[in-house]
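Heads up: the structure comes next, in structure tokens.
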Amino acid sequence: MARPSTETKTNANKLATVNIAAPPVTEIEIETELQQSLPSVWERNKHSEIHGGSQKTWSFVQNSNMVQVHMKSDGNPMNANIELWQGPGNTPQKVTLYSEDGKARPFRSFFSTPDSTNGSSNSISIRNTASMEFPIQAVLEGGKETASTSTLGNNNNEKMVQGGATITERFEPNVNSVQVFISSEGRPINCRIELISGPNNIKQVMEVYCEEGNTRPFYTIIETPGYTTGVVRIINCSTMEFPFTSIVQPWDVVSTREMNHQMNTNLGG
Numbered sequence: 001m002a003r004p005s006t007e008t009k010t011n012a013n014k015l016a017t018v019n020i021a022a023p024p025v026t027e028i029e030i031e032t033e034l035q036q037s038l039p040s041v042w043e044r045n046k047h048s049e050i051h052g053g054s055q056k057t058w059s060f061v062q063n064s065n066m067v068q069v070h071m072k073s074d075g076n077p078m079n080a081n082i083e084l085w086q087g088p089g090n091t092p093q094k095v096t097l098y099s100e101d102g103k104a105r106p107f108r109s110f111f112s113t114p115d116s117t118n119g120s121s122n123s124i125s126i127r128n129t130a131s132m133e134f135p136i137q138a139v140l141e142g143g144k145e146t147a148s149t150s151t152l153g154n155n156n157n158e159k160m161v162q163g164g165a166t167i168t169e170r171f172e173p174n175v176n177s178v179q180v181f182i183s184s185e186g187r188p189i190n191c192r193i194e195l196i197s198g199p200n201n202i203k204q205v206m207e208v209y210c211e212e213g214n215t216r217p218f219y220t221i222i223e224t225p226g227y228t229t230g231v232v233r234i235i236n237c238s239t240m241e242f243p244f245t246s247i248v249q250p251w252d253v254v255s256t257r258e259m260n261h262q263m264n265t266n267l268g269g
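Under UniProt numbering, the sequence shown has 188 at position 188, and the numbering climbs by one with no breaks.
Here's what the structure looks like:
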């Protein structure tokens, strides 16, 4: 899966201030700029309501090697199983999700479907494992990656996580969301990703399985709203012989003025 970049626009602006020509804009950067001017995924698509205890599946067309899965609630907790199916009885990727508040901390992840270009049938299944009074809203979008050479920010942030090991990344209150990219050299991935706020107060959990972490890495964007320092914790649940690499870095960062305005608004000031 291509690794989206968010630093190009900032870097180009810095170059412009010192009268140095910015580097050529890539196809993925043009696409990112266009997406910023478009309505949100929830405005572009009609969402599906998945009641507690029920399941919904989506089949998508060939020549689509990536599917975005978006899930949220009206503020209730979210408990769900998300699975990628490829043919009968084959589940190459799955995620077990818990979110304390599906409005403040929705789910957004990207599932690689490289075999779709070869005519294979792929489906996404979402099962709401909560009780009836906790429905989930879901939207899926398929697409074709166009810039395989793009990178996820600064690769100096890449860390090797050995089997059984745990890493943590801490973020300041002005970070509204964090991106997480996990891949391997072709080995399976079994990991647990936690969003922690305060002293061991777990707000969101994703238990991730990928059959093969090279062609099917895991990429997600985690919302981190709040006024305290947030922590993302990643645990490699496999044994020592199954390491993976992870990149964790900010996705949406607000200025101090914007953060103070948000705090005053939410506190009624």
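Ideal Cβ positions, reconstructed from N, Cα and C, are used throughout, including at glycine.
Keep in mind that this is a model prediction, so the values were computed, not measured.
Which residue wins for smallest C-alpha separation from Tyr98, given the options Gln86, Asn76 and Ala80? On the sequence shown, residue 98 is found 98 positions in, with the first residue counted as 1. Of the candidates Gln86, Asn76 and Ala80, the one whose C-alpha sits nearest the C-alpha of Tyr98 is Ala80.
For Val248, the three-state DSSP class (helix, strand or coil): Against the sequence shown, residue 248 aligns to sequence position 248. DSSP places Val248 within a strand segment (E or B) once states are collapsed to three.
Expressed to the nearest angstrom, what Euclidean distance is found between the alpha-carbon atoms of Phe244 and Gln162? Reading the sequence shown from its first residue, position 244 is the one you call residue 244. Reading the sequence shown from its first residue, position 162 is the one you call residue 162. Looking at the two C-alpha atoms, the distance is approximately 7 Å.
So, helix, strand or coil for Asn214, using DSSP? Counting from 1 along the sequence shown, the entry for residue 214 is found at position 214. It is coil, neither helix nor strand.
Buried or exposed for Gln35, going by 16 or more other Cβ atoms inside 10 Å? Counting from 1 along the sequence shown, the entry for residue 35 is found at position 35. With a pLDDT of only 49 at Gln35, under the threshold of 50, the placement of this residue in the model should not be trusted; the figure read from the coordinates follows. So Gln35 ends up on the exposed side.
Every unbroken beta strand (DSSP E) inside the stretch 51-75 [3 residues or more]: Fully enclosed beta strand (DSSP E) runs of no fewer than 3 residues occupy 55-60 and 66-72 of the stretch 51-75, in order along the chain.
If Pro188 sits next to Phe242, beta carbons under 8 Å apart, how far is it from one beta carbon to the other, in whole angstroms? Here residue 188 refers to the residue found at position 188 when the sequence shown is read from its first residue. Here residue 242 refers to the residue found at position 242 when the sequence shown is read from its first residue. With a contact defined as Cβ atoms closer than 8 Å, Pro188 and Phe242 qualify at about 6 Å.
Helix, strand or coil for Val254, going by three-state DSSP, please let me know. Residue mapping note: residue 254 aligns to position 254 of the sequence shown, counting from 1. Here Val254 sits in coil by DSSP.
Ile82 to Glu49 span [Cα, whole Å]: Here residue 82 is taken as the residue at index 82 of the sequence shown, counted from 1. Here residue 49 is taken as the residue at index 49 of the sequence shown, counted from 1. If you take the alpha carbons of Ile82 and Glu49, they lie about 15 Å apart.
Do Ser246 and Val205 have their C-beta atoms closer together than 8 Å? Here residue 246 refers to the residue found at position 246 of the sequence shown. Here residue 205 refers to the residue found at position 205 of the sequence shown. No, the pair does not count as a contact, with Cβ atoms beyond the cut-off.
Among residues of its own chain, excluding the 5 on either side of Gly253, which ones have a beta-carbon nearer than 8 Å to its beta-carbon? Residue mapping note: residue 253 aligns to position 253 of the sequence shown, counting from 1. Reading off the sequence, residue 253 comes out as Val, not Gly. The residues are Asn174, Val175 and Asn176.
Please report the Cβ distance between Met71 and Gly164, rounded to the nearest whole angstrom; I am assuming they are in contact, meaning their Cβ atoms lie under 8 Å. Residue mapping note: residue 71 aligns to position 71 of the sequence shown, counting from 1. Residue mapping note: residue 164 aligns to position 164 of the sequence shown, counting from 1. Beta-carbon to beta-carbon, Met71 and Gly164 are separated by about 30 Å, too far to satisfy the 8 Å threshold.
Just how far apart, CA to CA, sit Glu172 and Glu223? In the sequence shown, residue 172 corresponds to position 172, counting from 1. In the sequence shown, residue 223 corresponds to position 223, counting from 1. As the crow flies, the alpha-carbon of Glu172 is around 13 Å from that of Glu223.
Leaving aside the five residues before and after Trp58 along the sequence, list all residues of the same chain whose C-beta is less than 6 Å from its C-beta, in chain order. Translated into positions along the sequence shown, residue 58 becomes position 58. For Trp58, where only same-chain residues beyond five positions count, the Cβ hits under 6 Å are Ile124 and Leu140.
Thinking just about the alpha-carbon of each residue, which of Glu194, Arg170 and Pro77 is nearest to the one in Gly52? Residue numbering aside, residue 52 sits at position 52 when the sequence shown is read from its first letter. Ranking the options by Cα distance to Gly52, first place goes to Pro77.
Bridge partners of Gly142, per DSSP? Position 142 of the sequence shown, counted from the start, is the residue given in the question as residue 142. In the DSSP output, where bridge partners are listed per residue, Gly142 has Val67.
In whole angstroms, what is the alpha-carbon distance linking Thr215 and Val69? Here residue 215 refers to the residue found at position 215 when the sequence shown is read from its first residue. Here residue 69 refers to the residue found at position 69 when the sequence shown is read from its first residue. Cα-Cα distance, rounded: 18 Å.
Whole-Å CB distance - Gly87 paired with Ser64, under 8 Å assumed: Within the sequence shown, the letter at position 87 stands for residue 87. Within the sequence shown, the letter at position 64 stands for residue 64. Your pair Gly87 and Ser64 does not check out as a contact, with CB atoms roughly 16 Å apart and the cut at 8 Å.
Please classify residue 319 as buried or exposed, where buried requires at least 16 other C-beta atoms within 10 Å of its C-beta. Outside the displayed range of the chain (1 to 269) lies residue 319, so it cannot be described from this structure.
Keeping to the same chain, check which residues put their C-beta closer than 6 Å to that of Asn190; ignore five residues upstream and five downstream. The residue you call residue 190 lines up with position 190 of the sequence shown. Listed in chain order, the non-local C-beta contacts of Asn190 below 6 Å within the same chain comprise Tyr209, Cys237 and Ser238, local neighbours out to five positions each way being set aside.
If you drop the 5 nearest sequence neighbours on each side, which residues of the same chain put their C-beta closer than 7 Å to that of Met132? For this step, residue 132 is matched to residue 132 along the sequence shown. Only His51, Gly52 and Gly53 meet the Cβ criterion.
Give me the Cα-Cα distance between His47 and Ser73, rounded to the nearest whole angstrom. To locate residue 47, count along the sequence shown from 1; it is residue 47. To locate residue 73, count along the sequence shown from 1; it is residue 73. Each residue's Cα considered, the two are about 11 Å apart.
Would you grab the beta carbon distance between Glu207 and Thr96 for me? Rounded to a whole angstrom, and I think it's under 8 Å. Position 207 of the sequence shown, counted from the start, is the residue given in the question as residue 207. Position 96 of the sequence shown, counted from the start, is the residue given in the question as residue 96. For a cut-off of 8 Å, the C-beta gap from Glu207 to Thr96 is around 4 Å, short enough to register as a contact.
Beta-bridge partners of Asn81, as assigned by DSSP: For the purposes of this step, residue 81 is taken as the residue at position 81 of the sequence shown. Asn81 pairs with Thr96 and Arg127.
Where the beta strand (DSSP E) containing Arg108 begins and where it ends: Counted from its first residue, the sequence shown places residue 108 at position 108. Residues Phe107 to Ser112.
Option nearest Thr113 by Cα separation, candidates Glu194, Gly142 and Asn200: What you label residue 113 is simply residue 113 of the sequence shown in a count that begins at 1. Comparing alpha-carbon positions, the option among Glu194, Gly142 and Asn200 lying closest to Thr113 turns out to be Gly142.
Look at the alpha carbon of Pro92 and the alpha carbon of Lys56, and state the distance between them as a whole number of angstroms. What you label residue 92 is simply residue 92 of the sequence shown in a count that begins at 1. What you label residue 56 is simply residue 56 of the sequence shown in a count that begins at 1. Roughly 18 Å between the two C-alpha positions.
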